[in-house]
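Q:
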Amino acid sequence: KAGVTQTPRYLIKTRGQQVTLSCSPISGHRSVSWYQQTPGQGLQFLFEYFSETQRNKGNFPGRFSGRQFSNSRSEMNVSTLELGDSALYLCASSLEGEAGNTIYFGEGSWLTVV
Amino acid sequence: AQSVTQLDSHVSVSEGTPVLLRCNYSSSYSPSLFWYVQHPNKGLQLLLKYTSAATLVKGINGFEAEFKKSETSFHLTKPSAHRSDAAEYFCVGSHHSPYSGAGSYQLTFGKGTKLSVIP
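Protein sequence lines correspond, in order, to chains S and E.
In terms of my numbering, the first sequence opens at residue 9 and continues consecutively.
In terms of my numbering, the second sequence opens at residue 37 and continues consecutively.
Structure, rendered in structure tokens:
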């Protein structure tokens, strides 16, 4: 069974640009969540989607958005990039998105903003 | 509110000696708890998971953790460290999100413990 797949793995963007990251969950998993990891702030929750609906959102500005498609694949978008958005963005999937479900992480997308 | 505290930001052990990575949690209800490992430039890999079925949980690569409710702890141990264990380890709590609809969960991450293994 394939794991959580994230694309692209590495990308460099310029301040003010926007970026879209993609995540394919494990087959059959309906919940997808996104996290930002930085050396200073650690791992922070961005948002969670289940059956194409955003159920939960972390404390990030509106420049960060996401969506989930009917096949459970998800994308997150960051508009008007800032230097501080440089981070590893991790996607995770779980079967039903309930507390106690095992959460599986992808390898992440490394974003560098210059 | 739930919080997860990893008591050591960095632990250094010699190869072949025991590993102890400490994690305390606070929660107003029984949490689900996980340990994940992150190798450089990689995502998080699940080591083990506690969901109240058994207090001693065995994971992959010889790791295990014991849930102690009286101490609100979920420490990760391994009898003998191997150089390939050098990585960062995260203790993570999962609980139902009170701010969202039925079924939604929220993860709380510890700040991570970097394990160094000295040959």
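Don't be surprised by glycine CBs; every beta carbon is placed ideally from N, CA and C.
Please classify P76/E as buried or exposed, where buried requires at least 16 other C-beta atoms within 10 Å of its C-beta.
A: Exposed.
Q: Measure the C-alpha to C-alpha separation of T53/E and N64/S and round it to an integer number of angstroms.
A: Roughly 42 Å between the two C-alpha positions.
Q: Specify, as a first and last residue, the run of the beta strand (DSSP E) that I154/E falls within.
A: Counting along the chain, the beta strand (DSSP E) containing I154/E begins and ends at T149 to I154.
Q: Name the chain S residues whose beta carbon is nearer than 9 Å to that of G148/E?
A: The contacting residues are G50 and L51.
Q: How many angstroms separate the CA atom of E115/S from the CA atom of F72/S?
A: Approximately 20 Å between the Cα atoms of the pair.
Q: Going along chain E, which residues have a C-beta under 8 Å from F72/S?
A: Those do not exist, as F72/S stays about 17 Å from chain E at its closest Cβ, beyond 8 Å.
Q: Whole angstroms are fine: how far does the CA of A89/E sit from the CA of G24/S?
A: The straight-line gap from Cα to Cα measures roughly 49 Å.
Q: Entirely within the segment 44–125 of chain E and at least 3 residues each: give me those beta strand (DSSP E) ranges in chain order.
A: Segments of the beta strand (DSSP E) lying fully in the segment 44–125 of chain E: 46–50, 55–57, 59–62, 68–74, 80–86, 92–94, 100–104 and 109–114.
Q: In this structure, does DSSP put L103/S in helix, strand or coil?
A: Here L103/S sits in coil by DSSP.
Q: Using only the alpha-carbon positions, how far apart do Q14/S and Q52/S sit?
A: Roughly 18 Å separates the two Cα atoms.
Q: May I ask you to report which of helix, strand or coil DSSP gives L91/S?
A: Reduced to three states, the DSSP call for L91/S is helix.
Q: Under 8 Å, Cβ to Cβ, is there at least one residue of chain S near S39/E?
A: S39/E does not count as touching chain S.
Q: In whole angstroms, what separates the C-alpha of Q142/E from that of G66/S?
A: Cα to Cα, the separation comes out at about 9 Å.
Q: Flag this pair as yes or no: are the beta carbons of Y112/S and L83/E separated by less than 8 Å?
A: Cβ atoms of Y112/S and L83/E: not closer than 8 Å.
Q: So T108/E packs on Q38/E, CB below 8 Å; how close in whole Å?
A: Not quite, the Cβ-Cβ distance comes to about 11 Å (not below 8 Å), so this is no contact.
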